[in-house]
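Student: The structure that follows is given in the form of structure tokens.
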Amino acid sequence: MKIKLSLYQESEWKDQFILVSKKVLKLKSQIDATDKASDKMVYELYSLSKEKTGIVEKS
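Position 22 of the sequence shown, counted from 1, bears residue number 25 in the working numbering, the numbering being contiguous throughout.
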């Protein structure tokens with residue numbers, strides 16, 4: 004079933020979608036940065052060389 008939205012409703016939905024999309028992208032960026040920092044801490048904890056770190060990241 005397809006619902007017909009007024010131009011105003013469509014505009015409101017688009018605005019909401021853009022707002023939520025920006026929040027999601029910001030959260031994803033924060034998660035990626037946290038993952039990278041966490042990986043770095045683990046590599047340092049186990050004294051992994053850059054070569055071994057590269058092997059771990061490829062797997």
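Ideal Cβ positions, reconstructed from N, Cα and C, are used throughout, including at glycine.
#1: Looking at the secondary structure, which residues open and close the alpha helix (DSSP H) in which Ile6 lies?
#2: Can you round the beta-carbon distance between Leu22 and Trp16 to whole angstroms, since I take them to be within the 8 Å contact cut?
#3: State the Cα-Cα distance for the pair Glu47 and Ile58, rounded to the nearest angstrom.
Tutor: Checking against the coordinates, here is how it stands:
#1: Segment: none, Ile6 is in no alpha helix (DSSP H) and carries neither H nor E.
#2: That pair is no contact at about 11 Å.
#3: 15 Å
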